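Inspection log for the structure reproduced underneath, given as structure tokens.
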Amino acid sequence: LSLREALQLGHNYIGTEHILLGLIREGEGVAAQVLVKLGADLSRVRQQVIQLLSGYSGSGQGEGSESGKETVGGSSERGEGSQGGSAILDQFGRNLTQNAKDKALDPVIGRMRETERVMQVLSRRTKNNPVLIGEPGVGKTAIVEGLAQKIVAGEVPETLRAKQLYTLDLGALVAGSRYRGDFEERLKKVLKEIKTRGDIILFIDELHTLVGAGAAEGAIDAASILKPMLARGELQTIGATTLEEYRKYLEKDAALERRFQPIKVEEPTLSHTIEILKGLRDRYESHHRVTITDQALVAAANLADRYIADRHLPDKAIDLIDEAGSRLRIKRMETPPDYKDIENKIAEVVEKKKQAVEDQDFELAGSLRDEEKNLLDRRGEIMDQIKSEGVDLFDEVDEEAIA
371 LSLREALQLG
381 HNYIGTEHIL
391 LGLIREGEGV
401 AAQVLVKLGA
411 DLSRVRQQVI
421 QLLSGYSGSG
431 QGEGSESGKE
441 TVGGSSERGE
451 GSQGGSAILD
461 QFGRNLTQNA
471 KDKALDPVIG
481 RMRETERVMQ
491 VLSRRTKNNP
501 VLIGEPGVGK
511 TAIVEGLAQK
521 IVAGEVPETL
531 RAKQLYTLDL
541 GALVAGSRYR
551 GDFEERLKKV
561 LKEIKTRGDI
571 ILFIDELHTL
581 VGAGAAEGAI
591 DAASILKPML
601 ARGELQTIGA
611 TTLEEYRKYL
621 EKDAALERRF
631 QPIKVEEPTL
641 SHTIEILKGL
651 RDRYESHHRV
661 TITDQALVAA
671 ANLADRYIAD
681 RHLPDKAIDL
691 IDEAGSRLRI
701 KRMETPPDYK
711 DIENKIAEVV
721 EKKKQAVEDQ
731 DFELAGSLRD
741 EEKNLLDRRG
751 EIMDQIKSEG
761 VDLFDEVDEE
771 AIA
């Protein structure tokens with residue numbers, strides 16, 4: 371282990387630092403567990419040792435130590451940012467763990483069995499690369515996003531707690547690689563970064579695209595570059611693909627296929643789909659600025675299941691909700707002028723009332739409150755009048771809007 375660490379860092383000696391890195395890599399060993407019990411964050415220790423060694427030139431210990439101190443100091447200033455960020459990985463991928471911290475991912479409802487199975491495979495000592503197999507739209511990517519959210523929340527085993535989950539965009543890697551060797555050079559830079567850091571789990575959507583990716587004019591493809599690292603356990607990957615593509619591409623390549631542990635992702639039931647829609651309702655309501663009823667969610671699940679035969683739940687039901695919200699948002703632009711005017715006046719009065727309260731002018735705030743009440747009553751009258759004429763104001767996504 372120490373020799374491997376020294377070779378990876380390009381050093382021509384084995385020192386105590388390499389022994390420490392080797393012990394940390396063997397995370398389940400006695401030495402690593404002792405460090406954990408003493409309160410050490412293994413991932414952070416590893417990073418700081420590597421940063422300390424980054425100034426090593428092979429000529430002298432003093433100079434290396436000097437630059438090492440500066441590096442550690444710099445790392446402490448950056449704090450958590452250094453743990454999550456990576457220029458090369460950010461260029462060709464996306465940090466799902468950071469997205470989860472920023473609340474940029476949709477909530478994942480259910481899928482506990484699949485998520486636990488993914489964590490179980492990732493925690494294995496060897497062959498610890500799960501591949502999610504399921505039809506398009508059943509929620510394979512959502513399971514991985516759910517794992518990122520669990521890592522941020524600390525609801526994962528110790529072996530995964532300090533990990534960063536990155537998606538790899540093979541299209542970005544291939545794009546612009548005009549000359550032979552360009553793609554391999556880019557991919558090897560990404561893999562070197564992953565190997566050096568030691569805390570990255572790579573998510574590759576459409577895993578079957580590895581086979582043949584970048585293999586132009588006799589160059590080797592991505593799968594051939596990844597296979598040795600997967601075999602040595604230097605790269606931890608989550609894949610996602612369909613059953614058809616898995617059989618067509620991965621099963622034919624026995625060396626690649628046996629590195630992955632397949633996890634079947636079934637299409638959710640109608641009741642599960644409705645729960646998923648309820649969990650996503652807030653996101654779509656705030657985006658389209660509409661209210662989505664429970665009946666609309668049930669109708670979306672039932673109608674999608676019954677009439678859209680060539681796609682799968684929950685994706686096709688989510689599309690119905692999104693489409694209905696988008697349609698109503700556009701139609702709201704056709705709202706009668708009287709209604710728009712009263713809406714604008716209400717918004718103006720509410721803003722003035724808020725300012726009056728902040729200025730502690732409670733007499734003015736009271737009169738504005740009365741004015742707001744009168745405007746709301748007037749809006750109700752206009753709304754009733756418009757509806758009596760057979761015009762909908764399109765503020766609510768209901769069963770009829772879905773249909």
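Numbering (my numbering), first residue to last: 371 to 773.
Just so it is clear, CB atoms sit at the ideal spot from N, CA and C, and this is done for glycine as well.
None of the values given here were measured: they were computed from a predicted structure.
With DSSP collapsed to three states, give me the class of residue i.
i, result
"Gly568", "coil"
"Gly609", "strand"
"Pro707", "helix"
"Thr661", "strand"
"Gln730", "coil"
"Asp740", "helix"
"Val419", "helix"
"Asp472", "coil"
"Ile503", "strand"
"Glu486", "helix"
"Arg464", "strand"
"Val400", "helix"
"Val767", "strand"
Grab me the residues of residue i's own chain with a C-beta within less than 8 Å of its C-beta, minus the 5 sequence neighbours each way, in chain order.
i, result
"Lys559", "Ile458"
"Lys648", "Ile479, Asp664 and Leu667"
"Ile633", "Glu484, Arg487, Val488, Val491, Pro500, Val501, Leu502 and Ile503"
"Lys597", "Ala625, Leu626 and Arg629"
"Leu640", "Ala671, Asn672, Asp675 and Leu683"
"Ile772", "Ala666, Ala669, Ala670, Leu673, Leu690, Ile691 and Ala694"
"Arg412", "In the sequence as presented, Arg is not what sits at residue 412; that position holds Leu. Same-chain partners within the cutoff: Ile394, Gly397, Ala402, Leu405, Val406 and Ala532."
"Ile595", "Glu554, Leu557, Lys558 and Leu561"
Distance check for residue j and residue i, CA to CA, integer angstroms please.
i, j, result
"Pro706", "Ile756", "8 Å"
"Gly327", "Thr611", "Residue 327 lies beyond the residue range present for the chain, which begins at 371 and ends at 773; the question has no answer from this structure."
"Arg495", "Asp552", "33 Å"
"Tyr619", "Gly541", "18 Å"
"Gln418", "Val635", "39 Å"
"Glu728", "Ala474", "33 Å"
"Ala512", "Phe573", "12 Å"
"Asp747", "Leu734", "20 Å"
"Asp685", "Ala518", "20 Å"
"Leu393", "Gly399", "7 Å"
"Ser429", "Ala592", "Model confidence at Ser429 stands at a pLDDT of 36, short of 50, so the residue's coordinates are unreliable and nothing is read from them."
"Gly736", "Gly750", "21 Å"
"Asp740", "Phe732", "12 Å"
"Glu505", "His578", "14 Å"
"Glu615", "Val514", "19 Å"
"Asp497", "Lys701", "For the record, residue 497 in the displayed sequence is Lys; it is not Asp. Cα to Cα, the separation comes out at about 53 Å."
"Glu604", "Leu373", "14 Å"
"Glu642", "Gln606", "Sequence inspection shows His at residue 642; the Glu mentioned does not correspond to that position. Computed Cα separation, rounded: 31 Å."
"Gly568", "Tyr536", "13 Å"
"Gly507", "Glu637", "8 Å"
"Glu525", "Arg617", "33 Å"
"Ser446", "Ala410", "With a pLDDT of 36 at Ser446, under the threshold of 50, the modelled position of that residue is not reliable, and the figure given next carries that caveat. About 15 Å."
"His381", "Met599", "20 Å"
Would you kindly report the start and end of the unbroken alpha helix (DSSP H) that includes residue i?
i, result
"Leu698", "Asp685 to Lys701"
"Thr537", "Taken as a continuous stretch (DSSP letters only), Thr537 belongs to no alpha helix (DSSP H), being part of the beta strand (DSSP E) at Gln534 to Leu538."
"Leu826", "Nothing can be reported for residue 826: it is not among the residues displayed for the chain, which extend from 371 to 773."
"Arg374", "Ser372 to Gln378"
"His388", "Thr386 to Arg395"
"Val522", "Lys510 to Ala523"
"Ile595", "Ala592 to Arg602"
"Glu627", "Ala624 to Glu627"
Please return the same chain residues whose Cβ sits closer than 7 Å to the Cβ of residue i, not counting the five positions on each side in sequence.
i, result
"Lys471", "Val522"
"Leu738", "Val719, Lys722, Lys723 and Ala726"
"Leu745", "Ile712, Lys715, Ile716 and Val719"
"Arg416", "Leu391, Ile394 and Gly568"
Leaving out the 5 sequence neighbours to the left and right, which residues in its chain are closer than 6 Å to residue i when beta-carbon positions are compared?
i, result
"Ile662", "Arg651, Glu655 and Val767"
"Leu613", "Ile503"
"Glu375", "His388, Leu391 and Gly392"
"Val581", "Ala593 and Tyr619"
Taking all protein chains shown into account, do 16 or more other C-beta atoms lie within 10 angstroms of the C-beta of residue i, making it buried, or fewer, making it exposed?
i, result
"Pro527", "exposed"
"Arg602", "exposed"
"Glu693", "exposed"
"Phe462", "buried"
"Gln730", "exposed"
"Arg659", "exposed"
"Arg653", "exposed"
"Glu770", "exposed"
"Leu408", "exposed"
"Ala545", "exposed"
Quick one: give me the first and last residue of the beta strand (DSSP E) that residue i is part of.
i, result
"Lys497", "Unbroken run through Lys497: none, as it is neither H nor E."
"Ile633", "Phe630 to Lys634"
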